[in-house]
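Under the numbering used here, the sequence shown has 569 at position 332, and the numbering climbs by one with no breaks. For every residue, glycine included, the Cβ atom is placed at its ideal position computed from N, Cα and C. Here the structure is a predicted model, which means the values were calculated and not measured.
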Amino acid sequence: MLRNLVVATALSVTFCPATLHAQGLTAGTIVIGQSAATSGPALELGTEMRAGALAYFNAVNARGGVNGRRIELRTLDDGYEPDRAAANTRRFVERDEVFALFGYVGTPTTIAAMPVFTRAGVPLVGPFTGAEAFRKPFNRMIFNVRASYYAETDKLVDLLATLKLDRIAVFYQNDSYGKAGLEGVERATAARGMKIAATATVERNTTDVKDAVAALAKVDPQAVVMISAYKSCAAFIKAMKAAGKHPQFLNVSFVGSRALAGELGPEGRGVGISQVVPFPWNVGTPVVRDYQRALASETGKESYSFTSLEGYIAAKVLVEGLRRAGRDLTRERLVAALETLVDYDAGGFLVNYSPTDHGGSRYVELTAIGRDGAFVR
Numbered sequence: 238m239l240r241n242l243v244v245a246t247a248l249s250v251t252f253c254p255a256t257l258h259a260q261g262l263t264a265g266t267i268v269i270g271q272s273a274a275t276s277g278p279a280l281e282l283g284t285e286m287r288a289g290a291l292a293y294f295n296a297v298n299a300r301g302g303v304n305g306r307r308i309e310l311r312t313l314d315d316g317y318e319p320d321r322a323a324a325n326t327r328r329f330v331e332r333d334e335v336f337a338l339f340g341y342v343g344t345p346t347t348i349a350a351m352p353v354f355t356r357a358g359v360p361l362v363g364p365f366t367g368a369e370a371f372r373k374p375f376n377r378m379i380f381n382v383r384a385s386y387y388a389e390t391d392k393l394v395d396l397l398a399t400l401k402l403d404r405i406a407v408f409y410q411n412d413s414y415g416k417a418g419l420e421g422v423e424r425a426t427a428a429r430g431m432k433i434a435a436t437a438t439v440e441r442n443t444t445d446v447k448d449a450v451a452a453l454a455k456v457d458p459q460a461v462v463m464i465s466a467y468k469s470c471a472a473f474i475k476a477m478k479a480a481g482k483h484p485q486f487l488n489v490s491f492v493g494s495r496a497l498a499g500e501l502g503p504e505g506r507g508v509g510i511s512q513v514v515p516f517p518w519n520v521g522t523p524v525v526r527d528y529q530r531a532l533a534s535e536t537g538k539e540s541y542s543f544t545s546l547e548g549y550i551a552a553k554v555l556v557e558g559l560r561r562a563g564r565d566l567t568r569e570r571l572v573a574a575l576e577t578l579v580d581y582d583a584g585g586f587l588v589n590y591s592p593t594d595h596g597g598s599r600y601v602e603l604t605a606i607g608r609d610g611a612f613v614r
């Protein structure tokens, strides 16, 4: 496949230098690149995002592909480490010559990759991050599908204000992801005349939460908003409870809801999580019904999750852009086609783009871990 891809690309350059945009294309294939954690403490985020995307891509391929071309998703493991994500992206752009990028997982990893794909003019669709860095300043190569962390943290703080819980602490990952979430909480509390009582951090890909627990336990918070991945959040919640502190724990969607519930077991009941996609078990939502059918067909399991549903929806958005771009496909035509998605209904989930705004969605709802690790709305 790679040899055929290189030959096809070389021929296109030889006979028509203007078609350099055709990198990652053959007569029958569109090659898409994804850098995500498929190993390490955040592996479930990458594997689930990929699983949902493959369920949609393979369903499309089974029907003949997009304008006669099948989609080939190539995923490289970055372990949720920025330097590996940047290296993967250079490989995609310079060696593998993918047509577009898709479903990168994480703020620090995607930030590290951003200069590489932006300079090369390779679009990225559906990054699994809600950071403002991918919204402002505007980057024409980035198409967000999910709502921002600002939207998620505003929803969480609004809940706390409604419940009159004003002694709020923030536990966050000490990197660009955690700081993006912290800024969202700061904005949301300031808008409501509230103050953050204390903050504490954890390092990425670690579960060393001893100092964070000691710092936040001192203020005896009524609620803790958490901006980290599932293993560190689970470790923090367990340690806080062991220290005799039982605040309302709230997480943003990136935590990895199903993985968090699995890590916490019985101690997860009542932990809140904001979500940026519809409830994966609500078959009354058309995209959820289609997702369940496709995932079960792809994996043979009914192992549904918010993360794999997000991968499915993001894949659907990319395919719609490819379809609208037509058979004479270039990266510029894909970008222009995606910018025509105005009130695009992915099946009960609206996506909006324009030539000056690639925000995608503002959908946020609140869920909690219920009995036996099930989720409730």
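What does a CB cutoff of less than 7 Å around Ala498 pick up in its chain, not counting 5 residues either side in sequence? Gly505, Ile606 and Gly610
Using a Cβ-Cβ cut-off of 7 Å (strictly less than) and excluding sequence neighbours within five positions of Arg560, which residues of its own chain qualify? Val303 and Asn304
Based on Cα-Cα distance, which residue from Gly367, Val394, Arg377 and Ala273 lies nearest to Ala288? Ala273
Per DSSP, the bridge partner or partners of Ile510: Asn488 and Thr604
Going by C-alpha to C-alpha distance, which of Phe612, Arg614 and His595 sits closest to Ser385? His595
I'd like to confirm the pairing. Which residues does DSSP put opposite Phe408 in its beta bridges? Ala437 and Met463
Hey, out of Ala466, Phe586 and Thr266, whose CA is closest to Leu282's CA? Ala466
Taking Asn381 as the reference, which of Glu602, Asn589 and Arg608 has the closest Cα? Asn589
Check Gln271 in the structure and name its three-state DSSP category. strand
Per the DSSP calculation, Glu309 is bridged to which residue(s)? Val268
What would DSSP say about Ala476, mapped onto helix, strand or coil? helix
Per DSSP, the bridge partner or partners of Ile379: Leu361
Under 8 Å between the Cβ atoms of Met431 and Ala452? no
Beta-carbon within less than 6 Å of Ala437's beta-carbon, same chain only, minus the 5 sequence neighbours each way: which residues are those? Phe408, Ala449, Ala452 and Leu453
Do you know offhand how far Ala388's Cα is from Ala479's? 32 Å
Any 3 or more C-beta pairs closer than 8 Å across the region 515-532 and the region 559-575: no
Just checking, does the region 543-558 make contact with the region 567-578 on the three C-beta pairs under 8 Å criterion? yes
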